[in-house]
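Participant:
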Amino acid sequence: HVLMDHGAPLSLPVAVALGDLGRVRALLEEDPARAHERASLDQPAIWYCATGNGGVEAAKILLEHGVDVDQSSLGTTALHWAAREGDVDLARFLLEQGADLEAVSYSFSRNGRTPRQVAKSRRMGRVQQLFDEWEAKSD
31 HVLMDHGAPL
41 SLPVAVALGD
51 LGRVRALLEE
61 DPARAHERAS
71 LDQPAIWYCA
81 TGNGGVEAAK
91 ILLEHGVDVD
101 QSSLGTTALH
111 WAAREGDVDL
121 ARFLLEQGAD
131 LEAVSYSFSR
141 NGRTPRQVAK
151 SRRMGRVQQL
161 FDEWEAKSD
(Lines of atoms letter the chains of each structure in order from A and count residues from 1; the text may use other names and numbers.)
(Lines give C-alpha, C1' and ligand atoms only; values in the text may rest on other atoms or scores of the structure.)
Protein backbone atom coordinates (compact mmCIF):
# COMPACT_ATOMS: atom_id res chain seq x y z
CA HIS A 1 0.00 0.00 0.00
CA VAL A 2 2.83 2.42 0.77
CA LEU A 3 4.22 2.13 -2.75
CA MET A 4 0.81 2.64 -4.33
CA ASP A 5 0.19 5.64 -2.09
CA HIS A 6 3.29 7.12 -3.70
CA GLY A 7 2.23 6.46 -7.29
CA ALA A 8 3.50 2.96 -8.00
CA PRO A 9 1.35 1.18 -10.60
CA LEU A 10 -0.89 -1.65 -9.47
CA SER A 11 -0.44 -4.91 -11.36
CA LEU A 12 -3.18 -7.50 -11.76
CA PRO A 13 -1.46 -10.03 -9.45
CA VAL A 14 -1.12 -7.38 -6.73
CA ALA A 15 -4.77 -6.34 -7.09
CA VAL A 16 -5.79 -10.00 -6.73
CA ALA A 17 -3.49 -10.49 -3.73
CA LEU A 18 -4.99 -7.43 -2.04
CA GLY A 19 -8.51 -8.66 -2.74
CA ASP A 20 -9.27 -5.40 -4.59
CA LEU A 21 -12.00 -6.90 -6.77
CA GLY A 22 -13.06 -3.57 -8.26
CA ARG A 23 -9.51 -2.92 -9.42
CA VAL A 24 -9.18 -6.49 -10.74
CA ARG A 25 -12.28 -5.94 -12.90
CA ALA A 26 -11.14 -2.50 -14.02
CA LEU A 27 -7.66 -3.70 -15.01
CA LEU A 28 -9.09 -6.59 -17.04
CA GLU A 29 -11.70 -4.43 -18.74
CA GLU A 30 -9.10 -1.78 -19.54
CA ASP A 31 -6.78 -4.33 -21.12
CA PRO A 32 -8.02 -7.93 -21.56
CA ALA A 33 -4.44 -9.08 -22.27
CA ARG A 34 -3.72 -8.52 -18.58
CA ALA A 35 -5.42 -11.86 -17.97
CA HIS A 36 -2.00 -13.32 -18.79
CA GLU A 37 -0.01 -10.93 -16.58
CA ARG A 38 2.36 -12.59 -14.15
CA ALA A 39 4.04 -11.46 -10.98
CA SER A 40 7.71 -11.77 -10.20
CA LEU A 41 9.15 -15.26 -10.58
CA ASP A 42 6.56 -16.09 -13.29
CA GLN A 43 3.62 -16.40 -10.87
CA PRO A 44 0.18 -16.31 -12.55
CA ALA A 45 -2.37 -13.88 -11.10
CA ILE A 46 -4.77 -16.74 -10.35
CA TRP A 47 -2.32 -18.12 -7.74
CA TYR A 48 -3.02 -15.07 -5.62
CA CYS A 49 -6.61 -16.18 -5.17
CA ALA A 50 -5.16 -18.76 -2.76
CA THR A 51 -2.04 -17.03 -1.47
CA GLY A 52 -3.52 -13.56 -1.05
CA ASN A 53 -6.94 -12.14 -0.27
CA GLY A 54 -8.58 -12.76 -3.66
CA GLY A 55 -10.39 -16.00 -2.91
CA VAL A 56 -13.25 -17.42 -4.94
CA GLU A 57 -14.58 -14.02 -6.01
CA ALA A 58 -11.30 -12.99 -7.62
CA ALA A 59 -11.03 -16.40 -9.28
CA LYS A 60 -14.51 -15.93 -10.78
CA ILE A 61 -13.51 -12.56 -12.24
CA LEU A 62 -10.27 -13.92 -13.66
CA LEU A 63 -11.98 -16.91 -15.27
CA GLU A 64 -14.73 -14.68 -16.69
CA HIS A 65 -11.97 -12.73 -18.42
CA GLY A 66 -10.32 -15.74 -20.02
CA VAL A 67 -7.74 -16.89 -17.49
CA ASP A 68 -7.16 -20.63 -17.80
CA VAL A 69 -8.15 -22.42 -14.58
CA ASP A 70 -4.97 -24.48 -14.90
CA GLN A 71 -2.65 -21.55 -15.70
CA SER A 72 0.66 -22.67 -14.23
CA SER A 73 4.32 -22.13 -13.60
CA LEU A 74 6.52 -25.20 -13.18
CA GLY A 75 3.28 -27.17 -13.39
CA THR A 76 1.92 -25.49 -10.27
CA THR A 77 -1.70 -24.38 -10.55
CA ALA A 78 -4.06 -22.43 -8.32
CA LEU A 79 -5.46 -25.79 -7.19
CA HIS A 80 -2.03 -26.72 -5.81
CA TRP A 81 -1.97 -23.44 -3.89
CA ALA A 82 -5.53 -23.89 -2.61
CA ALA A 83 -4.51 -27.36 -1.40
CA ARG A 84 -1.36 -25.99 0.24
CA GLU A 85 -3.27 -23.19 1.98
CA GLY A 86 -6.20 -25.42 3.03
CA ASP A 87 -8.72 -23.29 1.11
CA VAL A 88 -11.59 -25.75 0.64
CA ASP A 89 -13.96 -23.20 -0.93
CA LEU A 90 -11.45 -22.14 -3.56
CA ALA A 91 -10.41 -25.74 -4.25
CA ARG A 92 -14.09 -26.72 -4.75
CA PHE A 93 -14.69 -23.76 -7.06
CA LEU A 94 -11.60 -24.55 -9.14
CA LEU A 95 -12.62 -28.20 -9.48
CA GLU A 96 -16.12 -27.10 -10.55
CA GLN A 97 -14.44 -25.00 -13.25
CA GLY A 98 -12.49 -27.99 -14.55
CA ALA A 99 -9.18 -27.73 -12.67
CA ASP A 100 -6.92 -30.74 -13.15
CA LEU A 101 -6.66 -32.74 -9.94
CA GLU A 102 -3.78 -34.71 -11.47
CA ALA A 103 -1.63 -31.72 -12.53
CA VAL A 104 1.97 -32.26 -11.43
CA SER A 105 3.80 -29.38 -9.77
CA TYR A 106 7.56 -29.17 -9.49
CA SER A 107 7.47 -26.14 -7.18
CA PHE A 108 7.02 -28.14 -3.99
CA SER A 109 9.09 -31.22 -4.80
CA ARG A 110 11.61 -32.04 -7.50
CA ASN A 111 9.79 -35.36 -7.90
CA GLY A 112 6.52 -33.54 -8.63
CA ARG A 113 3.30 -33.46 -6.64
CA THR A 114 -0.37 -33.39 -7.51
CA PRO A 115 -2.75 -31.13 -5.57
CA ARG A 116 -3.79 -34.19 -3.52
CA GLN A 117 -0.17 -34.91 -2.59
CA VAL A 118 0.35 -31.27 -1.63
CA ALA A 119 -2.72 -31.36 0.62
CA LYS A 120 -1.54 -34.60 2.22
CA SER A 121 2.00 -33.30 2.83
CA ARG A 122 0.56 -30.18 4.50
CA ARG A 123 -1.98 -32.21 6.53
CA MET A 124 -4.94 -30.38 5.01
CA GLY A 125 -7.55 -32.99 5.88
CA ARG A 126 -10.58 -31.02 4.70
CA VAL A 127 -9.02 -30.45 1.29
CA GLN A 128 -8.01 -34.11 1.06
CA GLN A 129 -11.60 -35.08 1.90
CA LEU A 130 -12.91 -32.76 -0.84
CA PHE A 131 -10.53 -34.32 -3.36
CA ASP A 132 -11.60 -37.84 -2.32
CA GLU A 133 -15.29 -36.93 -2.65
CA TRP A 134 -14.68 -35.21 -5.98
CA GLU A 135 -12.85 -38.21 -7.38
CA ALA A 136 -15.55 -40.63 -6.17
CA LYS A 137 -18.21 -38.44 -7.80
CA SER A 138 -16.26 -38.41 -11.07
CA ASP A 139 -15.97 -42.22 -11.30
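Okay, so the sequence shown: first residue is 31 according to the numbering used here, each after it adds one.
A virtual CB, placed ideally from N, CA and C, is assigned to each residue, including glycine.
Between which two residues does the alpha helix (DSSP H) harbouring Y78 extend?
Facilitator: Here residue 78 corresponds to residue number 48 of the sequence shown, with the count starting at 1. Looking at the DSSP string, the run of the alpha helix (DSSP H) that includes Y78 is 78–81.
Participant: Expressed to the nearest angstrom, what Euclidean distance is found between the alpha-carbon atoms of L48 and R156?
Facilitator: Looking up residue 48 in the sequence shown gives position 18. Looking up residue 156 in the sequence shown gives position 126. Their backbone Cα atoms lie some 25 Å apart in a straight line.
Participant: How far does the alpha helix (DSSP H) with A65 in it reach, from first residue to last?
Facilitator: Mapped onto the sequence shown, residue 65 falls at position 35. Taken as a continuous stretch (DSSP letters only), A65 belongs to no alpha helix (DSSP H), as it is neither H nor E.
Participant: Since F123 is in the alpha helix (DSSP H), which residue starts that stretch and which ends it?
Facilitator: The residue you call residue 123 lines up with position 93 of the sequence shown. From DSSP, the alpha helix (DSSP H) with F123 extends over 118–126.
Participant: Q127 and R146: beta carbons closer than 8 Å?
Facilitator: Sequence index remark: in the sequence shown, residue 127 carries index 97 (1-based). Sequence index remark: in the sequence shown, residue 146 carries index 116 (1-based). Not a contact, by the Cβ cut-off of 8 Å.
Participant: Mapping the DSSP letters down to three states, classify P43 as helix, strand or coil.
Facilitator: Numbered from 1 along the sequence shown, position 13 holds the residue referred to as residue 43. If DSSP states are grouped into helix, strand and coil, P43 belongs with the helices.
Participant: By alpha-carbon positions, which one of A133, L51, V148 ends up nearest to E26?
Facilitator: In the structure displayed, the chain extends from 31 to 169; residue 26 sits before or after that span and is not available.
Participant: State the Cα-Cα distance for the pair V54 and A113, rounded to the nearest angstrom.
Facilitator: Position 24 of the sequence shown, counted from the start, is the residue given in the question as residue 54. Position 83 of the sequence shown, counted from the start, is the residue given in the question as residue 113. Answer to the nearest angstrom: the Cα atoms are 23 Å apart.
Participant: Do you know how far the Cα of L42 is from the Cα of L125?
Facilitator: Within the sequence shown, numbered from 1, the residue matching residue 125 stands at position 95. Within the sequence shown, numbered from 1, the residue matching residue 42 stands at position 12. The straight-line gap from Cα to Cα measures roughly 23 Å.
Participant: Would you list the one or two residues that DSSP bridges to Q73?
Facilitator: Taking the first residue of the sequence shown as position 1, residue 73 is located at position 43. Paired residues: A69.
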